[in-house]
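Trainee:
There are 2 protein chains.
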Amino acid sequence: MKIALIQMSCGENPGANLKKAVSQIKKAAQRGAKVICLEELFRTPYFCKTKNEKNFDLAETIPGPTTEMLEPLAKDLKAVIVASLFEKTKKSVYHNTAVVIDADGKLLGKYRKMHIPDDPGFYEKFYFAPGDLGFKSFKTRYARIGVLICWDQWFPEAARLTMLAGAEILFYPTAIGWKKNRPAQARSYHGAWETVQRGHAIASGVYVAAANRVGAEGKFEYWGRSFVADPFGEVVGRAGGKQDEILIVDCDLRKVEKTRREWTFLRDRRIDAYQGITSR
Amino acid sequence: MKIALIQMSCGENPGANLKKAVSQIKKAAQRGAKVICLEELFRTPYFCKTKNEKNFDLAETIPGPTTEMLEPLAKDLKAVIVASLFEKTKKSVYHNTAVVIDADGKLLGKYRKMHIPDDPGFYEKFYFAPGDLGFKSFKTRYARIGVLICWDQWFPEAARLTMLAGAEILFYPTAIGWKKNRPAQARSYHGAWETVQRGHAIASGVYVAAANRVGAEGKFEYWGRSFVADPFGEVVGRAGGKQDEILIVDCDLRKVEKTRREWTFLRDRRIDAYQGITSR
């Protein structure tokens, strides 16, 4: 079962970004991908690098224009699409949301980013209300998948709960990078980012697939390097750090159960002793 | 603040192993180590590779002969000692336990292994009742430390809860290895073992220090490679895979707080949404 991660740079024009994404999705499907995941907020530049009220104009409803474009595409290609959108609700609440569209073109559901960062250049708390839908899995035609978004990557609780909800693959639409000319910290940032996610794969016996933004936007550079780790944490595919790329990886879903039987962590979880996780 | 991990091979004679451990502890202290951690069940061969009722004879009480030997040693060396022991309670319940002895020679407390494996060659469920003391930290003279034991390494919940209890360094006395002549799987086993623990360091902003057994015992070979990862998951010291070694690493405890301020994961944990962790 092939999955595809669409790693791309984004320009100022949402229409052009969407067109590019559609084109890349088609190419991925032509190459046999059955589940195709876009990066975080692929329709726009990563606007959270500043706080600007005008950026709220970039939001859309779900369902809305983007899902209306992607649904028939998914049906046509017989491929599942995971798309990250800037969501505006009817009550004018804004969320960093991902939708899952099944291979028959139906909107299976959405996940709203639960952990919201507020770091230099990542001012998401200004824009997004924390997710209110919890951690979920989606039973698509080809696999039971979970979706988590960027900052969620650093929280083992998010990965664990999404696996417990049934996910065999965790998709992470992402927009992570660093300021240009910051070589010293570079390696440790990227290394930690990949390592903590590989840890989730190992601890829960799931595939982890992170689709990251690439390219320069203002003072920032998104580091690409989208990757897939297998259920024992081995990186089985990794994109480059500079360019658009469609990363296609063949996932053997039998490996999920096989790994969980060989490394029987789930049997031994001390659910009687984990209550403290819900406190600070 | 220097810490030491005592990686050693063990023979059949508990007295001789203890003598060797004491000698290595003294050397570590001479080299400036302030917290010294022994590997899992260092007094004996890793007896859980078979199920044998006679092995229960190897257990001891806590306090008991080993703590009585290590307490004055800790006081004399002004060093904290973390020692993994096969504990027998007054009610004849057996635990895989670690004690923390402070630098003044006082027994600060104990941790009983919470996650008990039952893998080929690791038949611990036959010997040990699951821990009943929960996840803890110990305020020693030099640092607030947590202790977890071997199989606990694979559980992000254990690391998180021990950090939440206050730990700045997580010590993992360990006895992990593989069957001899198993080169194909070797790399992925060791890689996953180190990676998942580095993930704990990253997610919680703690030092992680794993002291592993080394050397051949029957059909098994323990893979050594004791290591320390810093609070952003970088391996800052790693022992070899074949021989006895005292791994000494200088830990800058200011890095714990510094890392947590730079990478503000703890601020954003969704404690309102983690209840599901306590279910299967």
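From first to last, the protein sequence lines are chains A and B. When you read off a place in the first sequence, starting at 1, and then add 219, the result is the number in this note's numbering. When you read off a place in the second sequence, starting at 1, and then add 219, the result is the number in this note's numbering. We put the beta carbon where it would ideally sit given N, CA and C, even for glycine.
1) For residue 230 (chain A), tell me which candidate among A:285, A:446 and A:436 has the shortest Cα-Cα distance.
2) Pick from A:323, A:441 and A:313: whose alpha carbon is nearest that of residue 279 (chain A)?
3) Can you list, in chain order, the residues of its chain with a C-beta nearer than 7 Å to that of residue 307 (chain A)? Leave out the 5 residues immediately preceding and following it.
4) Apart from the five residues on each side of it in sequence, which residues of its chain come closer than 7 Å, Cβ to Cβ, to residue 285 (chain B)?
5) State buried or exposed for residue 272 (chain B), treating a residue as buried only when at least 16 other CB atoms are found within 10 Å of its CB.
6) Tell me whether the beta-carbon of residue 393 (chain A) lies closer than 8 Å to the beta-carbon of residue 494 (chain B).
7) By Cβ distance, which residues of its chain are closer than 6 Å to residue 270 (chain A), with the 5 residues on each side in sequence left out?
8) Inspect the CB distances between the segment 237-249 of chain B and the segment 441-458 of chain B and report whether three or more fall short of 8 Å.
9) Quick check: is the beta carbon of residue 312 (chain B) nearer than 8 Å to any beta carbon in chain A?
10) Relative to chain B, which residues along the segment 444-456 of chain A have a C-beta separation below 8 Å, given in chain order?
11) Scan the segment 374-392 of chain B for residues whose Cβ lies nearer than 7 Å to a Cβ of chain A and list them as they occur along the chain.
12) Measuring straight from C-alpha to C-alpha, what distance separates residue 464 (chain B) and residue 248 (chain B)?
13) Please list the partners that residue 493 (chain A) has in chain B, where partner means a Cβ-to-Cβ separation under 8 Å.
14) Threshold first: 3 residues or longer. Then list the beta strand (DSSP E) segments lying entirely within the segment 420-471 of chain A, N to C.
15) Based on the DSSP secondary-structure assignment, which residues constitute the bridge partners of residue 482 (chain A)?
16) Between residue 490 (chain B) and chain A, is any beta-carbon pair separated by less than 8 Å?
17) Between the segment 348-356 of chain B and the segment 320-327 of chain B, are three or more C-beta pairs nearer than 8 Å?
18) Between residue 471 (chain A) and chain B, is the shortest Cβ-Cβ distance under 8 Å, so that the two count as touching?
19) For residue 252 (chain B), report the span of its beta strand (DSSP E) as first-last.
20) Quick one: measure Cβ to Cβ for residue 315 (chain B) and residue 275 (chain B), integer angstroms, because I've assumed they're closer than 8 Å.
21) If we count the other Cβ atoms within 10 Å of its Cβ and call it buried at 16 or more, is residue 371 (chain B) buried or exposed?
22) Can you tell me whether residue 583 (chain A) is buried or exposed? The criterion is at least 16 other CB atoms within 10 Å of its CB, across all chains shown.
23) Compare the Cα-Cα distances from residue 296 (chain A) to each of A:389, A:255, A:317 and A:265 and report the closest residue.
24) Report the neighbours of residue 480 (chain B) on chain A: residues whose CB is nearer than 7 Å to its CB, in chain order.
25) Is DSSP giving residue 348 (chain A) helix, strand or coil here?
26) How would you call residue 403 (chain A), buried or exposed, if buried means at least 16 neighbouring beta carbons within 10 angstroms?
27) Please state if the CB of residue 426 (chain A) and the CB of residue 388 (chain A) are separated by a distance shorter than 8 Å.
28) Could you tell me which residues DSSP puts in a beta bridge with residue 265 (chain B)?
29) So, using beta-carbon positions, are residue 422 (chain B) and residue 415 (chain A) closer together than 8 Å?
30) Go through the segment 338-389 of chain A residue by residue and report every complete run of the beta strand (DSSP E) that reaches 3 residues or more, in order.
31) With DSSP run on the structure shown, which of helix, strand or coil describes residue 408 (chain A)?
32) Could you name the residues of chain A that residue 407 (chain B) contacts, counting a contact when the two beta carbons are closer than 7 Å?
33) Can you tell me whether residue 445 (chain B) is buried or exposed? The criterion is at least 16 other CB atoms within 10 Å of its CB, across all chains shown.
34) Between residue 417 (chain A) and chain B, is the shortest Cβ-Cβ distance under 8 Å, so that the two count as touching?
35) Going along chain A, which residues have a C-beta under 7 Å from residue 484 (chain B)?
36) Here's the rule I'm using: 16 or more other beta-carbon atoms within 10 Å means buried, otherwise exposed. How should residue 355 (chain A) be labelled?
Mentor: In brief:
1) If you number the first sequence from 1, residue 230 (chain A) lands on position 11. Ranked by Cα distance from residue 230 (chain A), the first of A:285, A:446 and A:436 is A:436.
2) What you label residue 279 (chain A) is simply residue 60 of the first sequence in a count that begins at 1. Nearest of A:323, A:441 and A:313 to residue 279 (chain A), Cα basis: A:313.
3) Counted from its first residue, the first sequence places residue 307 (chain A) at position 88. Scanning its chain for C-beta atoms nearer than 7 Å, with the 5 sequence neighbours on each side dropped, one finds around residue 307 (chain A) the residues 278, 279, 280 and 313, in chain order.
4) Taking the second sequence and counting its residues from 1, the one referred to as residue 285 (chain B) is at position 66. Excluding positions up to five away in sequence, the list reads 237, 262, 279, 302 and 304.
5) Taking the first residue of the second sequence as 1, we reach residue 272 (chain B) at position 53. For residue 272 (chain B), the number of other beta carbons within 10 angstroms of its own is below 16, and it is reported as exposed.
6) Counting from one through the first sequence, the residue named residue 393 (chain A) turns up at place 174. Counting from one through the second sequence, the residue named residue 494 (chain B) turns up at place 275. Their beta carbons are not under 8 Å apart, which means residue 393 (chain A) does not touch residue 494 (chain B) by this criterion.
7) The residue labelled residue 270 (chain A) in the question sits at position 51 within the first sequence. The residues 342 and 345, in chain order, have a CB closer than 6 Å to that of residue 270 (chain A) in the same chain once the five nearest residues on each side in sequence are set aside.
8) Under the three-pair Cβ rule at 8 Å, the segment 237-249 of chain B does not count as touching the segment 441-458 of chain B.
9) For the purposes of this step, residue 312 (chain B) is taken as the residue at position 93 of the second sequence. Not closer than 8 Å to any Cβ of chain A, the Cβ of residue 312 (chain B) fails to qualify, so no.
10) If the cut-off is 8 Å between Cβ atoms, the segment 444-456 of chain A has 451, 452 and 453 near chain B.
11) Of all residues in the segment 374-392 of chain B, only 374, 375, 376, 379, 380 and 383 come within less than 7 Å of chain A when Cβ atoms are compared, listed by chain position.
12) For the purposes of this step, residue 464 (chain B) is taken as the residue at position 245 of the second sequence. For the purposes of this step, residue 248 (chain B) is taken as the residue at position 29 of the second sequence. Rounded to whole angstroms, residue 464 (chain B) to residue 248 (chain B) spans 14 Å at the Cα level.
13) In the first sequence, residue 493 (chain A) corresponds to position 274, counting from 1. Residues of chain B passing the Cβ test: 376, 380, 496 and 497.
14) Counting only runs of 3 or more, we get 426-431, 433-436, 439-442, 446-448, 454-457 and 464-469.
15) Position 263 of the first sequence, counting from 1, holds the residue named residue 482 (chain A). DSSP output for residue 482 (chain A) lists no bridge partner at all.
16) Along the second sequence, read from residue 1 onward, the residue named residue 490 (chain B) stands at position 271. Chain A places a beta carbon closer than 8 Å to that of residue 490 (chain B), counting this residue as a contact.
17) The answer is no - the segment 320-327 of chain B does not touch the segment 348-356 of chain B, with fewer than three Cβ pairs under 8 Å.
18) The count along the first sequence starts at 1 and reaches residue 471 (chain A) at position 252. No Cβ of chain B is located within less than 8 Å of the beta carbon of residue 471 (chain A).
19) Numbered from its first residue, the second sequence carries residue 252 (chain B) at position 33. Per DSSP, residue 252 (chain B) belongs to the beta strand (DSSP E) from 252-257.
20) Walking along the second sequence from the start, residue 315 (chain B) turns up at place 96. Walking along the second sequence from the start, residue 275 (chain B) turns up at place 56. Residue 315 (chain B) to residue 275 (chain B), Cβ: 13 Å. No contact.
21) In the second sequence, residue 371 (chain B) corresponds to position 152, counting from 1. With 16 or more other Cβ atoms within 10 Å, it is buried.
22) Outside the displayed span of chain A (220 to 499) sits residue 583 (chain A), for which this structure offers no information.
23) What you label residue 296 (chain A) is simply residue 77 of the first sequence in a count that begins at 1. Cα-wise, what sits closest to residue 296 (chain A) is A:255.
24) Along the second sequence, read from residue 1 onward, the residue named residue 480 (chain B) stands at position 261. From the beta-carbon of residue 480 (chain B), no residue of chain A is found nearer than 7 Å; the closest lies around 11 Å away.
25) Looking up residue 348 (chain A) in the first sequence gives position 129. Note: residue 348 (chain A) maps to coil in three-state DSSP.
26) Working through the first sequence from its first residue, we reach residue 403 (chain A) at position 184. Here residue 403 (chain A) is exposed. Its C-beta has fewer than 16 other C-beta atoms within 10 Å.
27) Here residue 388 (chain A) is taken as the residue at index 169 of the first sequence, counted from 1. Here residue 426 (chain A) is taken as the residue at index 207 of the first sequence, counted from 1. At a Cβ-Cβ threshold of 8 Å, residue 388 (chain A) and residue 426 (chain A) count as neighbours.
28) For the purposes of this step, residue 265 (chain B) is taken as residue 46 along the second sequence, with counting starting at 1. When beta bridges are read from the DSSP output, residue 265 (chain B) appears opposite no residue.
29) As a working mapping, residue 422 (chain B) is identified with position 203 in the second sequence. As a working mapping, residue 415 (chain A) is identified with position 196 in the first sequence. Contact flag set, yes.
30) Counting whole runs of 3 or more residues, the segment 338-389 of chain A contains the beta strand (DSSP E) stretches 356-358 and 363-366.
31) If you number the first sequence from 1, residue 408 (chain A) lands on position 189. Here residue 408 (chain A) carries a helix assignment [DSSP, helix/strand/coil].
32) Along the second sequence, one-based indexing puts residue 407 (chain B) at 188. The answer, in chain order, is 451 and 453.
33) Sequence index remark: in the second sequence, residue 445 (chain B) carries index 226 (1-based). Label assigned to residue 445 (chain B): buried.
34) Taking the first residue of the first sequence as 1, we reach residue 417 (chain A) at position 198. Output row for residue 417 (chain A): interface = yes.
35) Residue mapping note: residue 484 (chain B) aligns to position 265 of the second sequence, counting from 1. For residue 484 (chain B), the residues of chain A that pass the 7 Å Cβ criterion are 373 and 374, in the order they occur in the chain.
36) Locating residue 355 (chain A) in the first sequence gives position 136, where the first residue counts as 1. Around the beta carbon of residue 355 (chain A), 16 or more other beta carbons sit within 10 angstroms, so the residue counts as buried.
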